[in-house]
Amino acid sequence: MNIFSTTQLLKSAMLMGFLIMPAISWADDHLLSVNGTAVTTPATVPHTGVLTQPLILTSFDGVTPLTLGQSQSLTVVSTPVKMCKPGTKGNLEWLDQGNTVVGVTGVLTSGTTATVPDDGYRLTLSLAITNNYSSSNGACSGSSGQLSYTRTAGAVIDKLAC
């Protein structure tokens, strides 16, 4: 009886492991869009930075559609984060969220490599972060949801005119 119960328990644990594993790998993916232009398909950026899906803009500068980032990669930027949330007895306090992805940097082109083709496009992504993680302790005076960092993200699309 004990062998049967142990075997059934192990089989159930293995089945649950297989069901959970795809979710773990999906958690590594991040979606990338660019504000200010219509996006048909956001880029899919895993934590490694190598795009698994390029960014496809619906229409940009008369190009319909404009695909950026085929076989290219970006640098995923992570930082330790605290968030102002209700904690002990419902009082607002800084709660540690751990190391969190806050953006990406790098260059995507309309070609299949990092080289911009003739009359092609280059998307340059930048990110500047000011993080107050180490000084964010105890009660917080901001609103619920306030983060311990601020960031300024930039996206510039240039055309190589030939």
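The sequence shown lines up with residues 2 to 163 when you count with the working numbering.
Glycine included, every Cβ here is placed at the ideal spot set by N, Cα and C.
- By alpha-carbon distance to residue 41, the top candidate from 59, 87, 96, 112 is 59.
- With at least 16 other beta carbons inside 10 angstroms of its own, residue 107 counts as buried.
- Unbroken beta strand (DSSP E) stretches of 3 residues or longer found wholly inside the stretch 58-85: 67-69, given in chain order.
- Pairing residue 55 with residue 39 gives a Cβ-Cβ distance that is not under 8 Å.
- Note that the C-beta distance between residue 143 and residue 85 is below 8 Å.
- Residue 130 has its alpha-carbon roughly 6 Å from the corresponding atom of residue 151.
- Between residue 127 and residue 155, the gap from beta carbon to beta carbon is short of 8 Å.
- Taking each of 32, 102, 72, 122 in turn and checking the Cα distance to residue 65, the smallest one comes out for 122.
- Residues 85 of the same chain have their beta carbon placed closer than 6 Å to that of residue 147, with the five preceding and five following residues left out of the count.
- Residue 135 is not a Cβ neighbour of residue 95, given a cutoff of 8 Å.
- DSSP places residue 89 in the helix class (H, G or I) of the three-state scheme.
- DSSP, reduced to helix, strand and coil, places residue 34 outside both helices and strands of the structure shown, so it counts as coil.
- In this structure, the CA atom of residue 31 is about 28 Å from the CA atom of residue 161.
- Taking 8 Å as the upper bound for CB-CB distance, residue 52 and residue 74 are in contact here, some 6 Å apart.
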